[in-house]
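Chains as they are written, first to last, in my numbering: chain W, 1 to 206; chain D, 1 to 268. Let me begin by presenting the structure, written as structure tokens, before commenting on it.
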Amino acid sequence: MKKSYAFYMDASRCMGCKACVIACKDGHDLPLGLNWRRVPECTGGAWAEHADGTYTQNVFSYYLSVACNHCESPVCVKACPTGAMHKTEDGIVQVDATRCVGCNNCAWNCPYSAPQLDKSKKHMTKCNFCRERLEVGQKPLCVAACPARALDFGPREELIAKYGRANIAPLPPASMTEPNLAVVAHKDAQPANTRKPFLANKEELS
Amino acid sequence: MMHYEFALVLFTVLIQFCAGLALLVWLAGVHNYPALEKRLWRVILACGVVALGGSTMHLANIMHAPFTLTQVGTAWLSREIASVSFFGLLVLLRVLNVGGNKLNPVIALVGLGTVYVVSQVYRVPAVPFWNTIGTELGFFGTALALGGAGLAVFLHDSKEAEDAPRALSLAAGVCVAGIMLSLVQPLLALQGGAAALPEGSLVQTLNIAHGLGLPRLLAAVLGGFILCYGLVRGCKCNAMVLIGFALIAVGEVAGRMLFYAANIRIGI
């Protein structure tokens with residue numbers, strides 16, 4: 001059986017520079033509006049004025065770097081009517097462009113918005129873990145580009161056993177799809193089921 | 001701004017109309033009026049063809065459409081296409097008068113099954129507005145509302161079925177029940193959304209929906225009232241019944257546009 005990988009992200013090191021986003025977009029020559037990797041900016045908290053005229057605050061800010069998490073239970077694969085979206089032997093979820101009808105059903109089902117329609121190519125596209133680079137022993141482009149070394153990848157079972165699956169807002173609860181994304185949480189990270197709105201770059205992500 | 005794909009609005013509403021009308025053809029015993037029955041099957045087939053044709057506008061690569069029948073074992077969307085195709089084939093047999101009216105109950109049940117299968121495509125755990133029993137109720141509601149109203153229009157217009165009070169009452173009753181079911185959907189959807197989505201998303205959705213929500217409600221209620229009034233009064237003029245049908249149809253289309261606009265997901 002082939003080795004399968006997971007992404008690893010240390011949110012306490014990420015500064016939100018988005019070098020990973022740009023490296024992915026550039027390396028895969030993605031058109032305007034398509035980003036396989038994205039960085040949600042999470043901010044929250046407030047300043048409180050006290051009776052003695054002093055202020056205290058609990059404001060926070062943290063970033064996550066998210067692409068397709070090549071989930072253990074990929075809902076996109078289950079929803080695909082053509083079999084174009086499939087999980088390979090090495091655990092990578094990828095699109096077979098020769099079968100994809102571009103119905104967007106995978107995109108509706110994925111809570112990470114990983115599958116995206118490339119209108120010029122007329123099929124869905126998504127992160128393929130830089131399969132072509134892995135095969136020659138290189139790191140995925142996003143990992144190689146991270147200046148803070150916040151993003152990494154490694155053997156799936158080892159990383160998930162050590163860090164667990166990402167269960168941090170604004171990501172969905174890990175139980176939905178069992179993402180192969182291990183995250184070291186930022187000290188202010190909010191739980192995945194929080195209902196407080198704190199996504200600061202919603203327009204950029206949508 | 002409201003985002004929806006009109007191809008899917010057209011497809012789902014028309015297919016549900018076809019299924020509802022096929023159900024009413026069986027329940028109301030329309031086979032007793034052969035000319036009317038023939039006309040109705042032709043209407044159902046025509047609407048089905050338009051629905052299926054329209055749905056392909058939503059696909060990025062129509063050349064790969066045959067592959068959509070390959071995942072019937074796992075994907076509800078694949079089952080939807082198979083189910084709609086089977087329903088269409090049965091209606092075509094009826095139009096060609098193959099199998100006689102013994103096929104009517106089979107077509108009606110396959111139609112109901114198709115409505116259920118279509119509803120399951122939208123039972124997406126990541127979309128709380130859709131992932132409620134309201135989706136099934138709303139889709140069956142549309143089928144009954146439009147099927148009942150459609151049959152009322154054709155019965156009222158038919159000389160052959162001039163004296164068919166039972167069928168007319170059934171059509172009107174099913175139509176009103178359908179409208180009520182259909183109006184339950186947004187309430188259950190809001191409940192589902194309120195329980196799972198961030199507060200901001202909920203407010204955003206309500207802001208989007210309020211512009212079309214009230215006209216949708218008014219069209220459905222007023223349409224149902226005008227249709228029933230036209231039937232009860234024994235009005236010889238078809239205009240009232242037709243206006244009632246048109247308003248109900250507008251209400252259902254507006255409701256479906258709101259449904260698609262509520263595609264707001266958990267996560268990013």
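Glycine included, each C-beta is placed from N, C-alpha and C at the ideal position. Predicted, not measured: the structure shown is a model, and the values here were computed from it.
Discussion item. Looking at W:His70: is its Cβ nearer than 8 Å to the Cβ of W:Val39?
Written reply: no
Worksheet item: Closest by CA to W:Cys84, which one among W:Gly91, W:Pro74, W:Asp90, W:Cys100?
Response: The identity of residue 84 of chain W in the sequence shown is Ala, whereas the question assumes Cys. Each of W:Gly91, W:Pro74, W:Asp90, W:Cys100 was checked against the Cα of W:Ala84, and the nearest Cα belongs to W:Cys100.
Fill in: Given W:Asn128 as reference, the closest of W:Lys139, W:Asn105, W:Lys119 once Cα atoms are compared
W:Lys139
Worksheet item: Nearest-angstrom Cα distance between D:Gly138 and D:Gly113?
Response: Taking the straight line from one Cα to the other gives about 15 Å.
Worksheet item: When the Cα atoms are used, what is the spatial distance from D:Gly73 to D:Val50?
Response: 27 Å
Discussion item. At the level of alpha carbons, what is the spacing between W:Cys110 and D:Leu227?
Written reply: Straight-line Cα distance between these residues: approximately 43 Å.
Worksheet item: Of all the CB atoms in chain W, is at least one closer than 8 Å to the CB of D:Phe67?
Response: yes
Worksheet item: Taking DSSP as the reference, what is the three-state secondary structure of W:Phe153?
Response: strand
Fill in: Rounded C-alpha distance that separates D:Phe17 from W:Gly164
Taking the straight line joining both Cα atoms gives about 48 Å.
Item to complete: Could you tell me how far apart the beta carbons of D:Gly20 and D:Gly147 are, in whole angstroms, since I believe they sit closer than 8 Å?
Response: Approximately 2 Å separates the beta-carbon atoms of D:Gly20 and D:Gly147; this is inside 8 Å, confirming the contact.
Practice prompt. Between the Cα of D:Leu27 and those of D:Leu103, D:Ala35, D:Val43, spot the shortest distance and give me the residue it belongs to.
Written response: D:Leu103
Discussion item. Taking the alpha carbon of W:Lys193 as the reference point, which residue from W:Ala182, W:Ala166, W:Leu134 has its own alpha carbon closest?
Written reply: The displayed chain sequence assigns Asn, not Lys, to residue 193 of chain W. The candidate whose alpha carbon is nearest that of W:Asn193 is W:Ala166.
Fill in: Selected residue, minimal CA-CA separation from D:Phe11, among D:Ser85, D:Ala35, D:Leu36, D:Leu90
D:Ser85
Item to complete: Closer than 6 Å by C-beta to W:Cys24: which residues in its own chain qualify, once you throw out the five before and the five after it? Chain order, please.
Response: Taken in chain order, the residues that qualify are Trp36, Arg37, Leu141, Cys142.
Item to complete: Go ahead and label W:Leu151 buried or exposed: buried means 16 or more other beta carbons lie within 10 angstroms of its beta carbon, across all protein chains shown.
Response: buried
Worksheet item: What is the DSSP secondary structure of W:Lys87, counted as helix, strand or coil?
Response: Look at W:Lys87 here: in three-state DSSP terms it is strand.
Worksheet item: Among W:Phe7, W:Leu30, W:Ala48, W:Val75, which residue has its Cα nearest to the Cα of W:Lys121?
Response: W:Leu30
Worksheet item: How many Å lie between D:Ala189 and D:Val98 at the Cα?
Response: 42 Å
Worksheet item: Which chain D residues sit within Cβ distance under 9 Å of W:Thr43?
Response: Here the premise fails: no neighbours, minimum Cβ distance about 13 Å.
Item to complete: Compute the distance between the beta-carbons of D:Gly245 and D:Ala149, then report whether it is under 8 Å.
Response: This sequence places Phe at residue 245 of chain D; Gly is not what is there. Yes, Cβ-Cβ distance for D:Phe245 and D:Ala149 is below 8 Å.
Practice prompt. At 3 residues or longer, and completely inside the stretch 72–135 of chain W: list those beta strand (DSSP E) runs for me, N to C.
Written response: 85–87, 93–95, 116–118, 123–125
Discussion item. According to DSSP, is W:Phe198 part of a helix, a strand, or is it coil?
Written reply: Three-state DSSP puts W:Phe198 in coil, outside helix and strand.
Worksheet item: With 8 Å set as the bound, which would you pick, yes or no: does the beta-carbon of W:Trp108 sit closer than that to a beta-carbon of chain D?
Response: yes
Worksheet item: W:Gly164 CB to nearest chain D CB: under 8 Å?
Response: By this cut-off, W:Gly164 is not an interface position.
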